[in-house]
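Notes to accompany the following structure.
2 protein chains.
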Amino acid sequence: MKFYDCSTAPSPRRARIALAEKGLLDTVERIEVSLREKEQMSPAFAAINPYLTVPVLELDDGTRLLSSTGIYHYLEAAFPEPPLMGRTAAERGVVADLEWRMEWDGFSAVGECLRNTVQGMAGRATTGPDPYEQIPELGERGRARAQRFVERFDALVGDKPFLAGDFYSIADITALVVIDFAKWIKIKLPEDAANARRWYEAVSSRPSAAV
Amino acid sequence: MKFYDCSTAPSPRRARIALAEKGLLDTVERIEVSLREKEQMSPAFAAINPYLTVPVLELDDGTRLLSSTGIYHYLEAAFPEPPLMGRTAAERGVVADLEWRMEWDGFSAVGECLRNTVQGMAGRATTGPDPYEQIPELGERGRARAQRFVERFDALVGDKPFLAGDFYSIADITALVVIDFAKWIKIKLPEDAANARRWYEAVSSRPSAAV
Numbered sequence: 034m035k036f037y038d039c040s041t042a043p044s045p046r047r048a049r050i051a052l053a054e055k056g057l058l059d060t061v062e063r064i065e066v067s068l069r070e071k072e073q074m075s076p077a078f079a080a081i082n083p084y085l086t087v088p089v090l091e092l093d094d095g096t097r098l099l100s101s102t103g104i105y106h107y108l109e110a111a112f113p114e115p116p117l118m119g120r121t122a123a124e125r126g127v128v129a130d131l132e133w134r135m136e137w138d139g140f141s142a143v144g145e146c147l148r149n150t151v152q153g154m155a156g157r158a159t160t161g162p163d164p165y166e167q168i169p170e171l172g173e174r175g176r177a178r179a180q181r182f183v184e185r186f187d188a189l190v191g192d193k194p195f196l197a198g199d200f201y202s203i204a205d206i207t208a209l210v211v212i213d214f215a216k217w218i219k220i221k222l223p224e225d226a227a228n229a230r231r232w233y234e235a236v237s238s239r240p241s242a243a244v
Numbered sequence: 034m035k036f037y038d039c040s041t042a043p044s045p046r047r048a049r050i051a052l053a054e055k056g057l058l059d060t061v062e063r064i065e066v067s068l069r070e071k072e073q074m075s076p077a078f079a080a081i082n083p084y085l086t087v088p089v090l091e092l093d094d095g096t097r098l099l100s101s102t103g104i105y106h107y108l109e110a111a112f113p114e115p116p117l118m119g120r121t122a123a124e125r126g127v128v129a130d131l132e133w134r135m136e137w138d139g140f141s142a143v144g145e146c147l148r149n150t151v152q153g154m155a156g157r158a159t160t161g162p163d164p165y166e167q168i169p170e171l172g173e174r175g176r177a178r179a180q181r182f183v184e185r186f187d188a189l190v191g192d193k194p195f196l197a198g199d200f201y202s203i204a205d206i207t208a209l210v211v212i213d214f215a216k217w218i219k220i221k222l223p224e225d226a227a228n229a230r231r232w233y234e235a236v237s238s239r240p241s242a243a244v
């Protein structure tokens, strides 16, 4: 498999952590795409992924998966152990539910703030090939949403070891990436968020978090 | 199972179609939540789903799935036949990839337009409990994104029977709901989009599309 990655960007980190948890990271051919150099906008990369985003996982049969979600699901089906999406049907539903929530309420909020406020992203206020202008009010709204996300995260974790219960899952992966991504806009877990901080310590000390 | 539904809203239609395709719609207890009457904002419903959205699927053990994505994944794991997420690992990856794309580029674009422009949604520009004000520029951007989505849909379908290939999947379900939802903002598949129109005819004539 070929893995189009960017070592400094949050989205591909989700796939990288999942690959590491599955014990696959050393088996894939990693291709670094420098977002700083705007390599994802090049014609060469557009031929790989017309949406101009990383991560991309290219399977040995040439199939390309162009989203973190697609990559998670392929990996789970092709390499079931260790499971990252729960074992029972109910667990699978809960994990998918929570992972979706982390992306929607968390990842998109931080991204919305960054993309609509950072000068270097003028004219690129959404991911992908279309040149949307920044909307400063949306940047503010993204910040407010991200702030609420981190404030509510403690209650979402509660006294469970992991987000979905007593097992680690892709919901924890996405949540970890969101919490670290939020630091880019200077939003952090509250000091008194004991459950969230205990969870953060546990997931960020796994070897996969450092890859 | 209990299924909290709203017969006029696009999101729960995704789950409703999936339940119908699995042959389960007549086996669940359906509870209609009138979004027109703002029943989803009531304390009674907040106790079911603090995010104040439908659909919700409540399993017999009390577990509640609060998103279309969570519901899709539970149904597929608990009731594998007929498969709606592909059979091979590569198919599962591709389906998850496309379904995510339909939601992100399609559903969210139409929703963004509606919620930020329709007078009745003032102060409720995002789903959920938080009272965000409308951003008219975001409404316009949502419209532009939705327009691009329908224009590109023909190429995405191509000459395949269904979005992911020769089998029907949750990507088709979400895409059908998006295309119909886009009519609310007067955006339609282009007249000359032959592949998209052939696909639309096929998926919207399935019995599940009418439930």
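In order, the protein sequences belong to chains A and B.
Take the numbering used here: the last position of the first sequence gets the number 244, and nothing is skipped along the way.
Take the numbering used here: the last position of the second sequence gets the number 244, and nothing is skipped along the way.
Glycine included, each C-beta is placed from N, C-alpha and C at the ideal position.
Since we're looking at a predicted model, the values are computed, not measured.
Query                                                                                                                                : Result
Chain B contact residues for L99 (chain A), given Cβ-Cβ distances below 7 Å                                                          : D130
Short CB-CB distance (under 8 Å) between I81 (chain B) and chain A                                                                   : no
Per-residue DSSP class, three states only, for I168 (chain A)                                                                        : coil
Cβ distance (whole Å) where G103 (chain B) is taken to contact W133 (chain A) below 8 Å                                              : 7 Å
Beta-bridge pairing of D38 (chain A) - partner residues as DSSP gives them                                                           : A:E65
DSSP three-state assignment for E184 (chain B), whether helix, strand or coil                                                        : helix
Proximity test, Cβ basis, 8 Å: A123 (chain B) and chain A                                                                            : yes
Status (buried if at least 16 other CB within 10 Å, exposed otherwise) for E91 (chain B)                                             : buried
DSSP-derived helix/strand/coil call for E132 (chain B)                                                                               : helix
Boundaries (first-last residue) of the alpha helix (DSSP H) holding L209 (chain B)                                                   : 203–215
Q167 (chain B) classed as buried or exposed, judged by whether at least 16 other C-beta atoms fall within 10 angstroms               : buried
Neighbouring residues, chain B, relative to Y37 (chain A) (Cβ below 8 Å)                                                             : Near Y37 (chain A) there are no residues of chain B at all, since even the closest Cβ is about 14 Å away, more than 8 Å.
Cβ contact check for the segment 167–176 of chain A and the segment 143–157 of chain A: 3 or more pairs under 8 Å                    : yes
Per DSSP, cross-strand counterpart(s) of V190 (chain A)                                                                              : For V190 (chain A), which the question treats as bridged, DSSP gives no partner whatsoever.
Residue nearest to P115 (chain A) in terms of C-alpha spacing, selected from A:K55, A:F186, A:G191                                   : A:K55
Minimum Cβ-Cβ distance from D163 (chain B) to chain A less than 8 Å                                                                  : yes
Status (buried if at least 16 other CB within 10 Å, exposed otherwise) for G119 (chain B)                                            : buried
Buried versus exposed call for M135 (chain B) [16 or more other C-beta atoms within 10 Å across all chains shown]                    : buried
S75 (chain B), buried or exposed, once every other Cβ within 10 Å from all chains shown has been counted against 16                  : exposed
Beta-ladder partner(s) of L98 (chain A), from DSSP                                                                                   : A:L90
Between the CA atoms of F182 (chain B) and S40 (chain A) - distance to the nearest angstrom                                          : 30 Å
Coarse secondary structure for F112 (chain A), derived from DSSP in three states                                                     : coil
Beta-carbon contacts of G191 (chain A) that lie in its chain and below 8 Å, excluding the five residues immediately before and after : N228
Sequence-distant residues of the same chain with beta carbon closer than 6 Å to V210 (chain A), five excluded per side               : P43, R46, R47
Residue from A:P240, A:V128, A:K216, A:R185 with nearest C-alpha to A226 (chain A)                                                   : A:R185
Sequence-distant residues of the same chain with beta carbon closer than 6 Å to V236 (chain A), five excluded per side               : D205, L209
Beta carbon of P162 (chain B) nearer than 8 Å to that of P88 (chain B)                                                               : no
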